[in-house]
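Numbering (our numbering), first residue to last: 14 to 419.
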């Protein structure tokens with residue numbers, strides 16, 4: 014199915030939503046014109062996802078769950094957060110022995126479901142953090158998180174603190190579940206021995222005007238350096254007929270440096286879909302990993318209904334590892350989501366439900382299958398952890414080590 018025919022099968026949006034998208038489209042078009050007819054894709058992605066009041070994560074539409082555009086692991090099952098709590102407990106107990114306390118910091122808490130499940134399970138384990146910090150850039154999602162936690166865990170609200178920026182110092186567990194994939198990425202295009210940045214222009218010659226791809230020589234010096242380093246990996250023979258497009262996530266690198274700058278003791282757990290560098294820049298992945306999500310449909314066109322769809326790219330976990338080494342963070346483990354959950358005892362948590370309680374056991378068992386099956390989320394999603402001043406092996410990585418793939 015071609016991209017055009019695939020888009021024609023997507024659900025229609027309301028007139029109000031369409032007007033919302035057109036307003037954001039006009040703002041981006043004006044910025045393109047002001048910038049001389051072209052902006053980087055990273056800038057475009059930042060606008061369509063995060064422009065105040067109009068970007069996908071800044072607008073009021075439902076993003077997560079059955080009524081949204083995609084479903085994350087915490088939305089699938091309470092088993093996810095309850096299992097993750099076992100790893101958090103181990104980290105925080107180690108930290109608290111040295112500092113007297115341990116906090117938790119979640120980036121991009123989505124609907125708040127993961128925070129809720131974690132706090133409830135940590136309470137059961139008598140392992141609540143001193144504070145549960147949430148750094149959320151979306152005002153709409155922050156409001157949703159506050160509402161959920163106030164309704165379902167009001168007695169724990171005193172521990173939950175929403176932040177507008179990273180703390181200067183942090184001890185405890187940092188968590189980012191499906192956060193890095195939504196960071197704006199630059200697109201790089203290799204044509205033989207030449208390298209370009211693929212950006213966005215406005216084509217006014219089409220009916221009503223449309224966004225269009227346009228590649229230009231790379232002006233961003235940091236991006237140029239990374240593109241040159243990648244050239245030796247993806248086109249080692251300098252084939253003049255070589256053609257390849259992929260992403261460079263500079264924002265993820267800045268994120269890792271910020272993380273390293275604040276983490277004094279503890280570990281950061283990053284969960285997302287992606288690959289190690291060798292697999293990420295595989296010759297067969299010549300069109301990159303960029304993907305859009307609209308009403309539970311996936312497609313590759315980022316210009317479709319700006320502001321109404323999610324845009325993501327897979328994670329190059331090797332790039333995160335490089336920054337960790339530069340900033341003296343230790344790799345604590347890298348494995349698949351399936352191995353991580355099994356290592357942390359997800360089947361034991363499922364076993365809390367009696368097998369003869371068919372009404373509750375069967376749905377939970379089916380949910381677990383989605384979380385760990387290779388055909389679902391189990392293999393594509395990876396878990397990587399970086400730590401500082403924490404020597405003991407983490408329980409989530411005792412089996413299924415994949416660090417050789419980094």
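Glycine included, C-beta positions come from ideal geometry on N, C-alpha and C.
Exercise for the section: Tell whether a beta-carbon distance below 8 Å holds between residue 293 and residue 327. Expected result: The residue you call residue 293 lines up with position 280 of the chain shown. The residue you call residue 327 lines up with position 314 of the chain shown. Yes, they are a contact pair.
Practice task
Helix, strand or coil for residue 112, going by three-state DSSP, please let me know.
Solution key: In the chain shown, residue 112 corresponds to position 99, counting from 1. DSSP places residue 112 in helix when its eight states are reduced to three.
Handout entry: Backbone secondary structure at residue 306 - three-state DSSP
Key = Taking the chain shown and counting its residues from 1, the one referred to as residue 306 is at position 293. Reduced to three states, the DSSP call for residue 306 is strand.
Practice task
Return the residue from the list 247, 280, 200 that minimises the CA-CA distance to residue 228.
Solution key: If you number the chain shown from 1, residue 228 lands on position 215. Selected option, being the one with the closest Cα: 200.
Exercise for the section: For residue 168, count neighbouring C-beta atoms within 10 Å of its own C-beta (all shown protein chains included) and say buried if the count is 16 or more, exposed if not. Expected result: The residue you call residue 168 lines up with position 155 of the chain shown. By the 10 Å Cβ count, residue 168 comes out exposed.
Problem - DSSP three-state assignment for residue 396, whether helix, strand or coil - result: Here residue 396 refers to the residue found at position 383 of the chain shown. Residue 396: strand per DSSP, three-state reduction.
Problem - Other residues of its chain near residue 235: CB distance less than 7 Å, five sequence neighbours each side excluded - result: Translated into the one-based positions of the chain shown, residue 235 becomes position 222. Cβ neighbours of residue 235 beyond the five flanking positions: 263.
Practice task
Could you have a look at residue 29 and say whether DSSP puts it in helix, strand or coil?
Solution key: Along the chain shown, one-based indexing puts residue 29 at 16. Here residue 29 sits in helix by DSSP.
Exercise for the section: Would you mind sorting residue 276 into buried or exposed? The rule is 16 or more other CB atoms within 10 Å of its CB. Expected result: Translated into the one-based positions of the chain shown, residue 276 becomes position 263. Buried is the call here.
Practice task
Pick out the complete beta strand (DSSP E) segments inside the stretch 210-266, 3 residues or longer, and give them in chain order.
Solution key: Counting whole runs of 3 or more residues, the stretch 210-266 contains the beta strand (DSSP E) stretches 223-230, 256-261.
Exercise for the section: Grab me the residues of residue 53's own chain with a C-beta within less than 7 Å of its C-beta, minus the 5 sequence neighbours each way, in chain order. Expected result: By 1-based counting over the chain shown, the position of residue 53 is 40. Cβ neighbours of residue 53 beyond the five flanking positions: 199, 210, 212.
Exercise for the section: Give the range of the alpha helix (DSSP H) segment to which residue 58 is assigned. Expected result: What you label residue 58 is simply residue 45 of the chain shown in a count that begins at 1. Per DSSP, residue 58 belongs to the alpha helix (DSSP H) from 54-63.
Exercise for the section: State the start and end residues of the unbroken alpha helix (DSSP H) segment that holds residue 351. Expected result: Position 338 of the chain shown, counting from 1, holds the residue named residue 351. Looking at the DSSP string, the run of the alpha helix (DSSP H) that includes residue 351 is 350-356.
Handout entry: residue 315 burial status per 10 Å Cβ neighbour count (16 or more: buried)
Key = Mapped onto the chain shown, residue 315 falls at position 302. Buried is the call here.
Handout entry: C-alpha gap between residue 343 and residue 139, whole angstroms
Key = Counted from its first residue, the chain shown places residue 343 at position 330. Counted from its first residue, the chain shown places residue 139 at position 126. Roughly 28 Å separates the two Cα atoms.
Exercise for the section: Closer than 6 Å by C-beta to residue 94: which residues in its own chain qualify, once you throw out the five before and the five after it? Chain order, please. Expected result: Here residue 94 is taken as the residue at index 81 of the chain shown, counted from 1. Non-local beta-carbon contacts of residue 94 in its own chain, meaning distances under 6 Å to residues more than five positions away in sequence, involve 87, 127, 130, 131 in chain order.
Handout entry: Three-way DSSP call (helix, strand, coil) for residue 311 in this model
Key = Working through the chain shown from its first residue, we reach residue 311 at position 298. In this structure, residue 311 counts as strand in the three-state DSSP scheme.
Problem - beta strand (DSSP E) segment containing residue 139, residue limits - result: As a working note, residue 139 is residue 126 in the chain shown. Taken as a continuous stretch (DSSP letters only), residue 139 belongs to no beta strand (DSSP E), as it is neither H nor E.
Handout entry: Reduced DSSP secondary structure (H/G/I, E/B, other) of residue 323
Key = By 1-based counting over the chain shown, the position of residue 323 is 310. DSSP, reduced to helix, strand and coil, places residue 323 within a strand of the structure shown.
Exercise for the section: Would you identify the three-state DSSP class for residue 144, choosing helix, strand or coil? Expected result: Here residue 144 refers to the residue found at position 131 of the chain shown. Coil.
Handout entry: contact_flag[the stretch 32-39, the stretch 60-75] where n(CB pairs < 8 Å) is 3 or more
Key = Segments in contact, yes.
Problem - Rounded Cβ spacing between residue 206 and residue 253 (contact assumed at less than 8 Å) - result: Here residue 206 is taken as the residue at index 193 of the chain shown, counted from 1. Here residue 253 is taken as the residue at index 240 of the chain shown, counted from 1. With a Cβ gap of about 6 Å, residue 206 and residue 253 count as contacting.
Problem - Rounded straight-line distance, which links the Cα of residue 347 to that of residue 7 - result: No answer is possible for residue 7: it lies beyond the span of the chain, which begins at 14 and ends at 419.
Handout entry: Sequence-distant residues of the same chain with beta carbon closer than 6 Å to residue 192, five excluded per side
Key = Reading the chain shown from its first residue, position 179 is the one you call residue 192. Apart from sequence neighbours up to five positions away, the residues of its chain that approach residue 192 with a beta-carbon distance below 6 Å are 120, 121, ordered along the chain.
Exercise for the section: Rank 404, 255, 175, 240 by C-alpha distance to the C-alpha of residue 204 and give the top, closest one. Expected result: Start at 1 with the first residue of the chain shown, and residue 204 comes out as number 191. Ranking 404, 255, 175, 240 by Cα distance to residue 204 puts 255 first.
Practice task
With DSSP as the reference, label residue 343 as helix, strand or coil.
Solution key: By 1-based counting over the chain shown, the position of residue 343 is 330. Residue 343: strand per DSSP, three-state reduction.
Exercise for the section: Assuming residue 381 and residue 90 form a contact by the criterion Cβ under 8 Å, report the distance between their Cβ atoms to the nearest whole angstrom. Expected result: Walking along the chain shown from the start, residue 381 turns up at place 368. Walking along the chain shown from the start, residue 90 turns up at place 77. Between residue 90 and residue 381 the Cβ distance is about 7 Å, and since that is below 8 Å, they are a contact.
Practice task
Quick one: using the 10 Å Cβ neighbour count with 16 as the cut-off for buried, is residue 387 buried or exposed?
Solution key: As a working mapping, residue 387 is identified with position 374 in the chain shown. By the 10 Å Cβ count, residue 387 comes out exposed.
Practice task
Grab me the residues of residue 133's own chain with a C-beta within less than 7 Å of its C-beta, minus the 5 sequence neighbours each way, in chain order.
Solution key: Within the chain shown, the letter at position 120 stands for residue 133. Once the five neighbours on either side are set aside, the close Cβ partners of residue 133 are 166.
Exercise for the section: Please list, in chain order, all residues of the same chain as residue 154 whose beta carbon is under 6 Å from its beta carbon, the five residues on each side excluded. Expected result: Translated into positions along the chain shown, residue 154 becomes position 141. Within the same chain, no Cβ atom closer than 6 Å to the Cβ of residue 154 is found once the five residues on either side in sequence are excluded.
Handout entry: Where residue 119 falls: helix, strand or coil (DSSP)
Key = Position 106 of the chain shown, counted from the first residue, corresponds to residue 119. Note: residue 119 maps to strand in three-state DSSP.
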